[in-house]
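Following: one structure in structure tokens, then a few remarks.
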Amino acid sequence: MKVSRIKILLAAVGCIAPLLNQPAFGYVQKFQASWEHSSWKVDSGSQRCALTHDIPRFGQARFEQQSGQRLNFSLHVLQPPVRDQSARVYAEAPPWKLPQASHLLGDFQLQQGKTPLRLPRDQALRIYYELEQGMQPVITFADWGDAKDQVQVALLPVRFREVLPEFLACTAGLIYLDFEPISEQAVFFATDSDRLSRATRRVLEDVARGYRKQKKVRIVLGGHADERGASAYNMQLSKRRTNMVARYLRSRGVPAKAIGTHVYGETEPTDTSSTQAAWALNRRVTIWLAEKS
């Protein structure tokens, strides 16, 4: 019995440890969904997948991944802060789990505006994995009024695992890149053509000019076709379009070693509709800028 009491006491001490270095507050404002109504929802699209959690009276937590980019986490609020400030994120066990120590996930900066917290892939995955394991991430910071109270925003793990298969199925359909894009844009082509239009050449002139100014980036091209035609032909057409763009960039001073290419054919449409407008959007070469590896 004494051993059990000691374990519970140690766990309780661990639960408050992440808060010991926080300044003293007069009152704690807590925001979280009720256990009965807590939910996570998946928003699926051909270019974007989102996993969202509504927090009553506060806003929404969101995991999001766009085509060609990596997972990120963001916090969207109903009442935006008017100043930048620090925040601490830790994970604690929900009431139904055995007592265990809370642990710090990181210290971050909240920015002014309706999306005060944005976290890139590594930090986003830490929160994601805690929820997957049934833990409860909590974001703490001083209130946005006179900073005398502490605000605690909890992300409940209730029903998180239930929607993960749907979210993972959505992200599996996105373009995967083995690099982190700095920027992204696209140039477009006529039906069954790899000819560079005047508008396309103007865009490529700007891309080449930007490269010559900094030379600390590499250019990655992704060739696409619309859904009409055989798959093998569309892959070849996408390759020809990519090669034409690469050739033009080389003619404007971008070295071949700074240009990488991917070919997707019809497999990664911007718009999945079978319309003229959708086909026009899908006949493209995507241009990504990335840091040199």
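First residue of the sequence shown? That's 1 in full-length UniProt numbering, and the numbers climb one at a time after it. Backbone N, C-alpha and C fix where the C-beta goes; we use that ideal spot for every residue, glycine too.
Residue span of the beta strand (DSSP E) that contains Gln276, given as start and end: Run containing Gln276: none in the beta strand (DSSP E); it sits in the alpha helix (DSSP H), Gln276 to Asn282.
Beta-carbon spacing of Ala33, Leu156 below 8 Å: yes
Per-residue DSSP class, three states only, for Pro95: coil
Member of Val285, Met135 and Thr272 whose CA lies at the smallest distance from the CA of Glu227: Thr272
8 Å Cβ cutoff met for Phe63 and Phe73: yes
Backbone secondary structure at Ser251 - three-state DSSP: helix
Val254 beta carbon less than 8 Å from that of Met235: no
Meets three-Cβ-pair contact criterion under 8 Å: the region 74-93 and the region 30-48: no
For Gln236: DSSP bridge partner residues: BP columns for Gln236 are empty, so no partner.
Limits of the beta strand (DSSP E) - the one that Pro181 falls within: Pro181 to Phe188
Reference Tyr211; option with closest CA among Glu266, Ala232 and Ile287: Ile287
Proximity to Gly173 [Cα-Cα], best of Gln152, Arg48 and Val28: Arg48
Same chain, Cβ closer than 6 Å to residue 307, five either side skipped, listed in chain order: Coverage of the chain is limited to positions 1 through 293, which leaves residue 307 absent and any answer about it impossible.
With 16 other Cβ atoms within 10 Å as the buried cut-off, status of Gln112: exposed
Where Ala33 falls: helix, strand or coil (DSSP): coil
Near the ligand FMN: Ala124 beta-carbon under 7 Å from a heavy atom: In the structure shown, the ligand FMN is absent, as is every other ligand, since no ligand is present at all.
Own chain residues within Cβ distance below 6 Å of Thr115, not counting five before or after: Ser74 and His76
Tyr233 versus Asp192, Ser197 and Ala256, residue with shortest Cα-Cα distance: Asp192
Euclidean distance between Cα positions of Gly265 and Ser197: 20 Å
Outcome for Pro137 when other beta-carbon atoms lying within 10 angstroms are tallied against a minimum of 16: buried
DSSP-derived helix/strand/coil call for Gln163: Note that residue 163 is Val in the sequence shown here, rather than Gln. Val163 falls in the helix class under three-state DSSP.
Spatial distance of Phe167 from Arg252 (CA atoms): 42 Å
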